[in-house]
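Note sheet for the following structure.
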Amino acid sequence: MDDQGRLIQARGAVGLPPGHPAVPGVPSMTPHSLHEPPSDNGEPRKQDIGDILQQIMTITDQSLDEAQAKKHALNCHRMKPALFTVLCEIKEKTGLSIRSSQEEEPVDPQLMRLDNMLLAEGVAGPEKGGGSAAAAAAAAAAGGVSPDNSIEHSDYRNKLSQIRQIYHSELEKYEQACNEFTTHVMNLLREQSRTRPVSPKEIERMVSIIHRKFSSIQMQLKQSTCEAVMILRSRFLDARRKRRNFSKQATEVLNEYFYSHLSNPYPSEEAKEELAKKCGITVSQVSNWFGNKRIRYKKNIGKFQEEANIYAVKTAVSAAQSGGDSPNTPSSAGSGGSFNLSSSGDMFMGLQGLNGDSYPTSQVESMRHSMGPGGYGDSMAASQMYSPREMRANGGWQEAATPSSVTSPTEGPGSVHSDTSN
DNA sequence: GTGTATGATTAACA
DNA sequence: TGTTAATCATACAC
1 MDDQGRLIQA RGAVGLPPGH PAVPGVPSMT PHSLHEPPSD NGEPRKQDIG DILQQIMTIT
61 DQSLDEAQAK KHALNCHRMK PALFTVLCEI KEKTGLSIRS SQEEEPVDPQ LMRLDNMLLA
121 EGVAGPEKGG GSAAAAAAAA AAGGVSPDNS IEHSDYRNKL SQIRQIYHSE LEKYEQACNE
181 FTTHVMNLLR EQSRTRPVSP KEIERMVSII HRKFSSIQMQ LKQSTCEAVM ILRSRFLDAR
241 RKRRNFSKQA TEVLNEYFYS HLSNPYPSEE AKEELAKKCG ITVSQVSNWF GNKRIRYKKN
301 IGKFQEEANI YAVKTAVSAA QSGGDSPNTP SSAGSGGSFN LSSSGDMFMG LQGLNGDSYP
361 TSQVESMRHS MGPGGYGDSM AASQMYSPRE MRANGGWQEA ATPSSVTSPT EGPGSVHSDT
421 SN
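Numbering-wise (UniProt numbering), the first sequence opens with residue 1 and increments by one.
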């Protein structure tokens with residue numbers, strides 16, 4: 001007999017109208033589950049099943065006490081095991097079949113990524129030297145080797161080890177809680193299976209749901225751990241946090257270039273590379289340095305007067321020492337080597353520019369002394385000694401009339417411009 | 001501990 | 001893409 005036929009038969013048995021479902025969500029009923037002693041015409045059996053179904057259908061309409069009593073009576077009914085089997089079958093065929101298709105989800109790529117990262121960082125999986133490899137890789141990525149690298153490495157290792165420890169202990173807690181909860185639910189369902197149709201498959205499904213829920217919690221844990229590792233890594237790698245002042249020699253080289261190219265303190269790419277090599281820093285650090293220097297100089301020219309003078313003197317000294325034959329070359333300021341820079345025409349004329357005469361070293365020294373320990377206390381005096389470029393209205397650098405510091409190489413030593421605008 | 005110096009970063013701009 | 005200007009974060013001197 002087909003489902004339709006069985007349904008009609010069941011309806012007839014319980015005396016339900018054709019539009020009313022026999023049992024909610026029950027499309028079919030297999031007669032083989034209802035083995036009854038054969039009767040002559042089947043009427044008593046039909047009547048029996050009908051009664052049971054009727055009682056089940058109306059149990060919710062009764063009072064609690066009545067329902068309890070009825071439930072007990074139904075539980076003890078001889079037809080109960082058969083009905084239970086049928087209901088289990090029906091549940092399998094309806095709800096479960098729909099859900100089972102949704103259950104087979106592919107492995108979450110996000111979870112895979114997290115797992116891979118934790119594995120790579122040495123947080124998950126076997127410990128690989130406490131993350132020293134990762135620390136070394138991080139240091140390599142940073143592109144520099146600092147003298148206290150080993151300290152940083154151990155610091156990184158310790159922190160990573162802490163993260164690892166927390167991760168594993170939390171993971172263990174989750175797993176324990178998951179197992180406990182699963183056992184609890186399984187026991188509960190087994191217990192309930194005495195009073196309602198709960199098939200083993202359903203229990204299995206419930207277990208997998210619990211596992212999925214717990215694995216989503218685990219994913220959060222993994223995500224948090226990954227974030228912690230990322231923060232640790234970024235702290236370890238973040239150069240800003242590990243800022244080191246450049247060496248004195250490096251700063252000197254950069255300043256020499258800056259003040260000797262004050263009219264156009266924009267080193268070319270080649271010059272930057274040369275400076276970087278000379279200072280033992282990167283090209284981008286040179287760019288940063290010049291960017292900072294320009295803006296800070298412009299913002300507070302007065303503050304840099306002294307510094308400018310010192311470098312003017314230095315340059316003059318070296319120019320004088322080298323016979324004054326190449327006053328335009330910053331490298332002539334005693335720093336050795338050449339930047340191979342084009343003559344930007346902004347070389348300090350040293351002290352030459354003051355009155356057009358070349359100053360011998362001794363005179364330079366005496367001038368230096370005349371500045372006093374604090375350099376020029378008088379800004380006017382300073383501007384006479386060395387006056388910076390006038391800034392363009394738009395904030396840029398402009399070749400301004402300056403007394404000594406900045407003159408075109410084509411200009412004679414006497415091309416002194418007074419600039420008291422500062 | 002505090003103020004200043006300084007290297008790095010970032011958004012906006014040309 | 002390089003520069004400016006503002007800002008951050010750290011180093012350093014006191």
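Where a beta carbon is used, it is the ideal one built from N, C-alpha and C, also for glycine.
TODO: Could you check which residue in G291, I281, R190, V283 has the C-alpha nearest to that of P265?
DONE: Reading the first sequence from its first residue, position 265 is the one you call residue 265. The option with the nearest alpha carbon to P265 is G291.
- [ ] Could you round the C-beta distance between F214 and Y167 to whole angstroms and report it? I think they count as a contact, below 8 Å.
- [x] On the first sequence, residue 214 is found 214 positions in, with the first residue counted as 1. On the first sequence, residue 167 is found 167 positions in, with the first residue counted as 1. By a beta-carbon distance limit of 8 Å, F214 does not contact Y167. Their separation comes to about 16 Å.
Open item on the list: Does the structure place the stretch 267–286 close enough to the stretch 300–307 that three or more beta carbon pairs sit under 8 Å?
Closed with: no
Task: A124, enclosing alpha helix (DSSP H) - first and last residue - done: The residue given as residue 124 occupies position 124 in the first sequence. That residue, A124, is in no alpha helix (DSSP H); it is neither H nor E in DSSP.
- [ ] Using three-state DSSP, classify Q162 as helix, strand or coil.
- [x] For the purposes of this step, residue 162 is taken as the residue at position 162 of the first sequence. In this structure, Q162 counts as helix in the three-state DSSP scheme.
TODO: Return the first residue and the last residue of the alpha helix (DSSP H) that G302 is part of.
DONE: Here residue 302 refers to the residue found at position 302 of the first sequence. From DSSP, the alpha helix (DSSP H) with G302 extends over 301–321.
TODO: Using beta-carbon positions only, say whether K222 and L114 come within less than 8 Å of one another.
DONE: Taking the first residue of the first sequence as 1, we reach residue 222 at position 222. Taking the first residue of the first sequence as 1, we reach residue 114 at position 114. A contact, by the Cβ cut-off of 8 Å.
TODO: Would you identify the three-state DSSP class for Y266, choosing helix, strand or coil?
DONE: Here residue 266 is taken as the residue at index 266 of the first sequence, counted from 1. Three-state result, Y266: coil.
Task: V86, enclosing alpha helix (DSSP H) - first and last residue - done: By one-based count along the first sequence, residue 86 stands at place 86. V86 -> alpha helix (DSSP H) spans 80–91.
Task: Coarse secondary structure for I281, derived from DSSP in three states - done: Counting from 1 along the first sequence, the entry for residue 281 is found at position 281. Residue state, collapsed to three classes: coil.
- [ ] Please confirm whether A250 and C279 have their CB atoms less than 8 Å apart.
- [x] Working through the first sequence from its first residue, we reach residue 250 at position 250. Working through the first sequence from its first residue, we reach residue 279 at position 279. In this structure, C279 lies closer than 8 Å to A250 by Cβ.
Task: DSSP state of Q68 mapped onto helix, strand, coil - done: The sequence position of residue 68 within the first sequence is 68, counting from 1. Correct three-state label for Q68: helix.
TODO: Ignore the nearest five residues each way along the sequence and tell me which others in L119's own chain have a CB closer than 6 Å to its CB.
DONE: Counted from its first residue, the first sequence places residue 119 at position 119. Taken in chain order, the residues that qualify are G125.
Task: Residue span of the alpha helix (DSSP H) that contains N255, given as start and end - done: Here residue 255 is taken as the residue at index 255 of the first sequence, counted from 1. That run of the alpha helix (DSSP H) goes 248–260.
Open item on the list: Spatial neighbours of S287 within its chain, please: C-beta separation below 7 Å, excluding the five flanking residues on both sides.
Closed with: Here residue 287 refers to the residue found at position 287 when the first sequence is read from its first residue. For S287, where only same-chain residues beyond five positions count, the Cβ hits under 7 Å are K272.
Open item on the list: Spatial neighbours of D108 within its chain, please: C-beta separation below 8 Å, excluding the five flanking residues on both sides.
Closed with: Within the first sequence, the letter at position 108 stands for residue 108. M219, listed in sequence order.
TODO: Output the distance between the C-alpha atoms of N116 and R194, rounded to the nearest integer angstrom.
DONE: In the first sequence, the residue the question calls residue 116 occupies position 116. In the first sequence, the residue the question calls residue 194 occupies position 194. Approximately 45 Å, taken between the alpha carbons.
Open item on the list: Output needed for C88: all residues of its chain with C-beta closer than 6 Å, excluding positions within five of it in sequence on either side, in chain order.
Closed with: Here the question's residue 88 lines up with position 88 in the first sequence. Only P197, S199 meet the Cβ criterion.
Open item on the list: On a Cα-Cα basis, can you pick out the residue from F181, I210, S224 that is closest to residue 424?
Closed with: Any answer about residue 424 is impossible in this case: the structure gives the chain only from 1 up to 422.
Open item on the list: Given a cut-off of 8 Å on the beta-carbon distance, is the pair L74 and I49 in contact?
Closed with: Looking up residue 74 in the first sequence gives position 74. Looking up residue 49 in the first sequence gives position 49. Their beta carbons are not under 8 Å apart, which means L74 does not touch I49 by this criterion.
- [ ] Please determine, among N245, A276, Q110, the residue with the shortest C-alpha to C-alpha distance to I216.
- [x] Your numbering for residue 216 matches position 216 in the first sequence. Note on identity: in this sequence residue 216 is Ser, with Ile being the wrong assignment. The option with the nearest alpha carbon to S216 is Q110.
Task: Environment of L64 [buried if 16+ CB atoms lie within 10 Å] - done: Numbered from its first residue, the first sequence carries residue 64 at position 64. L64 should be labelled exposed.
- [ ] Report the three-state DSSP secondary structure of R294 (helix, strand or coil).
- [x] Stepping through the first sequence from its first residue, residue 294 is reached at position 294. R294: helix per DSSP, three-state reduction.
Open item on the list: With H, G and I counted as helix, E and B as strand and the rest as coil, what does DSSP make of S224?
Closed with: Sequence index remark: in the first sequence, residue 224 carries index 224 (1-based). Helix, per DSSP.
- [ ] Please state if the CB of C178 and the CB of I210 are separated by a distance shorter than 8 Å.
- [x] Here residue 210 refers to the residue found at position 210 when the first sequence is read from its first residue. Here residue 178 refers to the residue found at position 178 when the first sequence is read from its first residue. Cβ atoms of I210 and C178: closer than 8 Å.
- [ ] State buried or exposed for D69, treating a residue as buried only when at least 16 other CB atoms are found within 10 Å of its CB.
- [x] Start at 1 with the first residue of the first sequence, and residue 69 comes out as number 69. Inspection of the sequence shows that residue 69 is occupied by Ala rather than by Asp. That one is exposed.
TODO: Could you tell me the distance, in whole angstroms, from the CA atom of A190 to the CA atom of E180?
DONE: Residue mapping note: residue 190 aligns to position 190 of the first sequence, counting from 1. Residue mapping note: residue 180 aligns to position 180 of the first sequence, counting from 1. According to the sequence displayed, residue 190 carries Arg and not Ala. If you take the alpha carbons of R190 and E180, they lie about 15 Å apart.
- [ ] Compute the beta-carbon to beta-carbon distance between K71 and I52, rounded to the nearest angstrom, for a pair I have assumed lies under 8 Å.
- [x] The residue given as residue 71 occupies position 71 in the first sequence. The residue given as residue 52 occupies position 52 in the first sequence. The pair is not a contact, with the Cβ atoms about 12 Å apart (cut-off 8 Å).
Task: I281 beta carbon less than 8 Å from that of F246 - done: The sequence position of residue 246 within the first sequence is 246, counting from 1. The sequence position of residue 281 within the first sequence is 281, counting from 1. Against a cut-off of 8 Å, the Cβ pair of I281 and F246 comes out as a contact.
TODO: Name the residue from K80, L254, V229 whose alpha carbon lies nearest to the alpha carbon of V123.
DONE: Here residue 123 refers to the residue found at position 123 of the first sequence. The option with the nearest alpha carbon to V123 is V229.
- [ ] Note down the Cα distance separating A276 from Q285, rounded to an integer number of angstroms.
- [x] Counted from its first residue, the first sequence places residue 276 at position 276. Counted from its first residue, the first sequence places residue 285 at position 285. Taking the straight line joining both Cα atoms gives about 8 Å.
Open item on the list: Out of S318, H261, V253, A67, which one is the CA nearest neighbour of R294?
Closed with: Taking the first sequence and counting its residues from 1, one reaches residue 294 at position 294. Per the Cα distances, H261.
Task: Straight-line Cα distance separating Q54 from C78 - done: Within the first sequence, residue 78 is the residue found at index 78, counting from 1. Within the first sequence, residue 54 is the residue found at index 54, counting from 1. According to the sequence displayed, residue 78 carries Arg and not Cys. Computed Cα separation, rounded: 16 Å.
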